[in-house]
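Read the structure below first, then the notes.
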Amino acid sequence: MLNALEKNSNFKDRRGPVVLAILDGVGFGKYKDGDGFLNASTPVLDKLMETCPMTRLQAHGTAVGMPSDEDMGNSEVGHNAIGCGRVFAQGAKLVQEAIESKQVFDGQTWKEAVANTLGKNSTMHFLGLFSDGNVHSNIAHLRAMLEQAKADGIKKVRIHILLDGRDVPETSALEFVDPFEEFLAGLNASGVDFRIASGGGRMQITMDRYGADWSMVERGWKTHVLGQGDYFKSAHEAIVALRDKTGAIDQDLPPFVISDDGKTPVGPVVDGDTMVFFNFRGDRSIEITAAFEEDEMTKFDRGPKPDVYYCGMMEYDGDLHVPKNYLVTPPAIDKTLGEYLCASGVTQLAVSETQKFGHVTYFFNGNRSGMFDQKLEKYVEVPSDIVPFEQRPWMKCAEITDVVVKAIAGGEYKFIRLNLANGDMVGHTGNMQAVQVAMGAVDICVGRIMEAVRKAGGTMIVTADHGNSDDMYEYDKKGNIKRNADCSICRKTSHSLNPVPCIVYDPEYQGEYKKQLREDNLGISSITATCMELLGFKPPAEYDKSVLIMKN
């Protein structure tokens with residue numbers, strides 16, 4: 002149990018709450034063309050940036066615990082950083098280090114997976130996001146595991162690929178599939194049988210999160226496990242054919258199954274097999290894990306559950322201990338903002354729609370399920386629409402705002418955190434018009450929250466967990482927009498490497514801090530100490546410094 006935070010006697014308590022508004026996927030773009038945030042109608046945010054203390058924070062790379070500054074941030078590591086006030090080595094970095102050191106292959110889980118496969122003369126399967134986006138997975142990790150599997154004597158492997166087009170360019174699948182097939186051919190030349198067995202777009206199958214659409218998991222189960230679906234002779238053939246048929250980008254391509262004879266799948270999952278789910282990020286890994294591990298499955302008709310040895314790349318939920326077996330231990334994040342505030346008797350409200358609900362709760366709390374103190378905390382989830390986000394770009398920002406505005410006026414909570422997911426989820430579609438609509442909707446909501454904060458005499462921090470909507474076009478190294486063969490603009494659907502805003506709105510400012518915020522290349526982990534200071538507390542010494550420059 003943490004000790005209560007020390008009060009700052011020089012800070013005058015405000016009448017109302019501190020509101021932390023996380024505008025998911027909203028940053029400052031490098032190029033005017035393609036910056037959906039800049040080019041949207043956002044008069045409220047424009048005024049806040051012009052009149053309030055503001056700085057820019059790093060939300061990618063080493064600032065959020067990723068391996069290098071070439072790595073994008075994401076909502077998971079972003080909310081970890083905002084929630085705990087420090088930078089921990091995150092999934093991609095931990096897995097990379099574990100593989101490079103061979104630690105993962107010396108661990109009990111890998112040895113059990115190999116022993117199960119060899120002992121039962123069965124198949125080892127690998128399932129996960131098939132790209133080098135380094136947000137949910139990295140194909141380099143898969144390659145290393147396949148090489149080790151061969152070295153360990155595994156003769157038969159089947160790979161089930163989830164096409165990305167979200168953390169990497171939207172139609173880049175063949176840039177990963179074709180070299181990978183050559184890689185497999187090199188392995189197979191010495192007598193093993195390693196093949197791609199199934200696949201499909203990540204937004205169509207398998208990688209649902211927060212229970213938003215279990216039908217995705219059901220489709221993935223039928224594709225990967227049962228081998229049911231449209232048959233193709235190779236992944237290359239499937240991708241080309243399905244693009245021609247649907248016009249979809251990679252993340253939205255329908256599922257496919259590989260079959261040599263058009264009748265029999267090459268890699269269904271059967272009793273005795275081993276399944277390695279090689280995604281390291283937890284949110285989109287939990288549901289498919291449940292399908293493999295839970296004895297009773299009520300979300301869809303799974304049929305007879307095959308008796309397999311299942312393991313994940315990491316532990317996806319440290320409280321629920323999901324999965325039972327995992328290859329790399331996740332970071333042990335402690336002393337979070339939520340835990341400190343509970344120890345200090347501060348009432349808290351967390352609000353988001355389903356798509357980001359786990360981020361303002363589980364990830365914000367250091368990968369911890371549940372509350373620290375049910376008497377002091379309340380979590381509100383607004384159910385997300387199950388439609389393509391470009392068709393309803395306003396998403397649930399108005400409903401979230403309704404909850405927040407009512408809570409501010411009610412006076413029950415001293416700290417309120419919310420996530421408006423539009424900039425990220427709509428940004429991933431690559432649809433510029435939809436993004437501009439999304440940002441306009443978010444701006445209206447920020448205006449409503451700002452007015453409620455003003456009336457209540459509170460404060461508000463407006464920030465983001467990473468960029469996305471600010472970087473909607475692909476650019477070459479010379480700064481020119483990339484174009485497709487038909488001269489259309491190459492859309493960008495991945496997160497950006499751009500900084501994000503940190504705006505402090507304090508309508509009853511008492512002069513305790515300078516209006517010029519720190520601008521020395523801070524990361525979003527500095528938001529945590531900032532929230533504490535605005536609540537009238539002194540942040541712990543180990544926290545990254547606040548953006549506020551206190552006068553006393």
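Residues in the sequence shown are numbered from 2 upward in steps of one, following my numbering. Beta carbons are placed, not taken as given, at the ideal position from N, Cα and C, and that holds for glycine.
Own chain, CB closer than 6 angstroms to residue i, minus 5 neighbours either side, in chain order
i	result
residue 284	210, 359
residue 138	129, 130, 279, 280
residue 553	11
residue 72	62, 135
residue 326	110, 312
residue 93	67, 68, 135
residue 386	393
residue 364	77, 80, 81
residue 273	121, 123
residue 26	424, 425, 428, 469, 470
residue 188	151, 195
residue 288	209, 218
residue 430	390, 391
residue 439	394, 423, 427
Under 8 angstroms between C-beta atoms of residue i and residue j
i	j	result
residue 58	residue 527	yes
residue 464	residue 501	yes
residue 442	residue 395	yes
residue 166	residue 251	yes
residue 81	residue 367	yes
residue 469	residue 521	no
residue 164	residue 221	no
residue 344	residue 3	yes
residue 254	residue 243	yes
residue 353	residue 419	yes
residue 22	residue 361	no
residue 54	residue 517	yes
residue 474	residue 35	yes
Beta-ladder partner(s) of residue i, from DSSP
i	result
residue 467	Residue 467 is not bridged to any residue.
residue 351	380, 418
residue 539	7
residue 551	514
residue 482	476
residue 271	According to DSSP, residue 271 bridges with nothing at all.
residue 130	163
residue 329	315
8 angstroms CB neighbourhood of residue i in its chain, flanking five on each side removed
i	result
residue 451	45, 49, 461, 506
residue 347	377, 415, 416, 536
residue 290	278, 311, 313, 317, 323, 324
residue 191	151
residue 410	453, 456, 457
residue 330	95, 315, 316
DSSP state of residue i mapped onto helix, strand, coil
i	result
residue 249	coil
residue 420	strand
residue 23	strand
residue 198	strand
residue 138	coil
residue 257	strand
residue 459	coil
residue 303	coil
residue 504	strand
residue 388	coil
residue 429	helix
residue 394	coil
residue 321	coil
residue 491	coil
residue 311	strand
residue 451	helix
residue 519	coil
residue 277	strand
residue 39	coil
residue 524	strand
residue 544	coil
residue 125	strand
residue 498	coil
residue 44	helix
Nonlocal neighbours in the same chain, by C-beta distance under 7 angstroms from residue i, ignoring five residues either side
i	result
residue 437	37, 40, 41
residue 263	232
residue 449	402, 406
residue 197	160, 162, 236, 259
residue 484	490, 491
residue 79	60, 65, 466, 467, 525
residue 341	3, 6
residue 149	106
- Contained alpha helix (DSSP H) runs [length at least 4] in the region 55 to 122, N- to C-terminal order: Within the region 55 to 122, the complete alpha helix (DSSP H) segments of 4 residues or longer fall at 76 to 85, 92 to 101, 104 to 107, 109 to 120, listed in chain order.
- Item | Runs of beta strand (DSSP E) wholly within the region 154 to 239 (minimum 3 residues, chain order) | Complete beta strand (DSSP E) runs here, min 3: 157 to 164, 194 to 202.
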